[in-house]
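Peer 1: One structure is given below, represented as structure tokens, and several questions about it will come after.
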Amino acid sequence: MIKSSSACGRLHGIFKRSPSFRPPATATATKKRGTLEKMVSRFKKCSESSSFRSRYDIYAITVKRLIKYNRLSMINEILDHQKNFPDMTNETFTAHLIHLYGKAGMFDDARKLFDEMPDLKCPRTVFSFNALLLACINARRFDEIKKLLADFRSELGITFDVVSYSIAINGFCKMGDLVSAEMVFDEMIKSDVEPNLITFNTLLNGFYLNGKFADGERIWSRMVEMNVVPDVRSYNAKLHALALENRMKEAIEVVEEMRDKELELDVFSFNSLIRGFLNGEDLKEAKQWYGEMRRHGCEPNRVTFQFLIPFLCEKGDVGFAVEICEEIFDKKWHARAEVLQLVVNRLVMEAKIQDAEKLVQDGNKHKYELLMP
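Just so you know, the UniProt record's numbering puts 250 at position 250 of the sequence shown, and the rest follows in order with no gaps.
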């Protein structure tokens, strides 16, 4: 027992010390495999502890690391090993394993485990079915969605809930099959299952983000009719669509409506506005909305910089680009090195060599590996 606790402690120590666990760069493929095999062995040993088996976060982290190195057989090894424990009679525990198989793109294994649940004396309800449906989508096996919906309703008599329908709608939206997504939505209504905000936001994103603005507005109207109150994500989908179509006057009206309803704009809202004005070659307005973002205490992200900084360089406003770069370093924000390199190149092009050298020096202090051209 002491030995087992010690092994678990070492495993926990790995997680705590190194969230982005990586073998040394000089390690050979054989050594890397050996390191991962030891981790799997410790994990299986720790699984003997019931308290460890309740730590779904550790299961998720371990699977994520094995996915990184494409060790699918090891993922199957640690998840299949769980069949040795009584927790497999618990539907929540088993559903978590099904979900992890999906995260790893191992849908066939997820389906196999779902099929084995009766033999494991584990109940199968809509809860574990939803986990299987989500695994199907996470594994990008979109062709299986309709089959799952048809088979399990008839074979198991499962009554779908709002989560089932929302997951299926999300899957069809991801594959670009908006007709099927809306058909599932209509079936949901006919089955007297009330859609919630997640259902509507999934549909809104599907239509608005695929250039189907009129259809998005139609879904919006249905949402209002059903007394589902839109949130900032709903409005962000609409803002994104308007920005793509360069309809910035309407986008500003949407922002005013959000403020009237006391909805705080987030980084996605501001990014849509900035991108929309950049698409329209309106640098002044784009900079103004960047300033508005900062005044509201909203932190920009990589997407903000990816659109704004290259445009500033292209239009000759390298001074503002340098200001943003320095703030990125100061605030320890994340940006792509290639985007920051554009600023260095522009400074050199304008013969501002000292400024370029300083930016390279500051960037390299933060591990961006910038270079003088």
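Ideal placement from N, C-alpha and C gives every residue a C-beta, glycine not left out.
Around the C-beta of LEU149, are 16 or more other C-beta atoms found within 10 angstroms, so that it is buried, or is it exposed?
Peer 2: The residue in question, LEU149, is buried, as its Cβ has 16 or more Cβ neighbours within 10 Å.
Peer 1: Let me know if ASN364 comes out buried or exposed under the rule of 16 or more other beta-carbons within 10 Å of its beta-carbon.
Peer 2: ASN364 should be labelled exposed.
Peer 1: Going by beta carbon distance, what residues of the same chain come within less than 7 Å of ILE219, once the five residues before and after it are set aside?
Peer 2: Counting only Cβ-Cβ distances below 7 Å, and skipping sequence neighbours, we find PHE200, LEU203, LEU204 and PHE207.
Peer 1: Of all the CB atoms in chain C, is at least one closer than 7 Å to the CB of ALA131?
Peer 2: Among the chains of the structure shown, chain C does not appear; only one protein chain is present.
Peer 1: Would you please state the rounded distance, in angstroms, between the beta carbons of ASP355 and LEU347? I believe it to be under 8 Å.
Peer 2: Indeed they touch by this definition, with Cβ atoms about 5 Å apart.
Peer 1: What separation, rounded to the nearest whole angstrom, lies between the Cα atoms of ALA110 and LEU66?
Peer 2: For ALA110 and LEU66, the distance between alpha carbons rounds to 17 Å.
Peer 1: Would you kindly check if the distance between the Cβ of ILE78 and the Cβ of VAL40 is under 7 Å?
Peer 2: A contact, by the Cβ cut-off of 7 Å.
Peer 1: Using the three-state DSSP reduction, which class does ILE158 fall into: helix, strand or coil?
Peer 2: Three-state DSSP puts ILE158 in coil, outside helix and strand.
Peer 1: Under 7 Å between the Cβ atoms of PHE129 and ILE158?
Peer 2: Closer than 7 Å, so yes.
Peer 1: For GLY276 versus ALA243, is the C-beta spacing smaller than 7 Å?
Peer 2: Closer than 7 Å, so yes.
Peer 1: List the endpoints of the continuous alpha helix (DSSP H) containing GLN288.
Peer 2: Residues 283–295.
Peer 1: When you compare the CB positions of PHE152 and GLY171, do they come within less than 7 Å of one another, or not?
Peer 2: Going by C-beta atoms, PHE152 is not nearer than 7 Å to GLY171.
Peer 1: Between which two residues does the alpha helix (DSSP H) holding GLU48 run?
Peer 2: That residue, GLU48, is in no alpha helix (DSSP H); it is neither H nor E in DSSP.
Peer 1: What separation, rounded to the nearest whole angstrom, lies between the Cα atoms of PHE21 and ALA60?
Peer 2: Residue confidence is low: PHE21 scores 48 on pLDDT, short of 50, so the model does not pin down where it sits. No coordinate-derived value is stated.
Peer 1: Starting from VAL232, follow the alpha helix (DSSP H) in both directions and report where the run begins and ends.
Peer 2: First-last of the alpha helix (DSSP H) with VAL232: 232–244.
Peer 1: Flag PHE207 as yes when its Cβ comes closer than 6 Å to any non-hydrogen atom of the ligand COA, and as no otherwise.
Peer 2: Only the bare structure without any ligand can be found here, which leaves the ligand COA out of the picture.
Peer 1: Measuring alpha carbon to alpha carbon, tell me which of CYS46, VAL232 and GLU369 ends up nearest GLN82.
Peer 2: Closest by alpha carbon: CYS46.
Peer 1: Where does ARG302 land, buried or exposed, given buried means 16+ other C-beta within 10 angstroms?
Peer 2: That one is exposed.
Peer 1: Cα separation between PHE160 and MET248?
Peer 2: Answer to the nearest angstrom: the Cα atoms are 40 Å apart.
Peer 1: Kindly indicate which three-state DSSP category LEU149 falls into: helix, strand or coil?
Peer 2: Correct three-state label for LEU149: helix.
Peer 1: At what residues does the alpha helix (DSSP H) containing PHE270 begin and finish?
Peer 2: Run containing PHE270: 267–279, per the alpha helix (DSSP H) assignment.
Peer 1: Starting from MET106, trace the alpha helix (DSSP H) in both directions and tell me its first and last residue.
Peer 2: From DSSP, MET106 is part of no alpha helix (DSSP H); its letter is neither H nor E.
Peer 1: Is it the case that the segment 300–319 contacts the segment 247–266, given that we only count it when at least three CB pairs across the two stretches are under 8 Å?
Peer 2: Taking 8 Å as the limit for Cβ pairs, the verdict is that the segment 300–319 does not touch the segment 247–266.
Peer 1: Roughly how many whole angstroms lie between the Cα atoms of PRO118 and PHE93?
Peer 2: Roughly 14 Å between the two C-alpha positions.
Peer 1: Assign residue 451 to one of three DSSP states: helix, strand, or coil.
Peer 2: Because residue 451 is not part of the residues shown, which for the chain are 1 to 373, the question remains open.
Peer 1: Which residue comes first and which comes last in the alpha helix (DSSP H) that contains TYR208?
Peer 2: Where TYR208 is concerned, the enclosing alpha helix (DSSP H) stretches over 197–208.
Peer 1: Give the straight-line distance between the Cα atoms of LEU359 and LYS287, rounded to the nearest whole angstrom.
Peer 2: Their Cα atoms are separated by approximately 21 Å.
Peer 1: One question on the structure: do PHE307 and LEU278 come within less than 7 Å of each other, judged by their Cβ atoms?
Peer 2: For PHE307 and LEU278, yes; Cβs fall inside 7 Å.
Peer 1: Could you check how far apart the C-beta atoms of ILE137 and ILE167 are, in whole angstroms? I think they sit under 8 Å.
Peer 2: The Cβ separation is near 7 Å, so the contact holds.
Peer 1: Less than 7 Å between the beta carbons of ALA139 and HIS99, yes or no?
Peer 2: Cβ atoms of ALA139 and HIS99: not closer than 7 Å.
Peer 1: Tell me whether MET293 is buried or exposed, calling it buried when 16 or more other Cβ atoms sit within 10 Å of its Cβ.
Peer 2: Label assigned to MET293: buried.
Peer 1: So is GLY216 buried or exposed if we call it buried at 16+ other beta carbons inside 10 Å?
Peer 2: It is buried - the Cβ of GLY216 has at least 16 other Cβ atoms within 10 Å.
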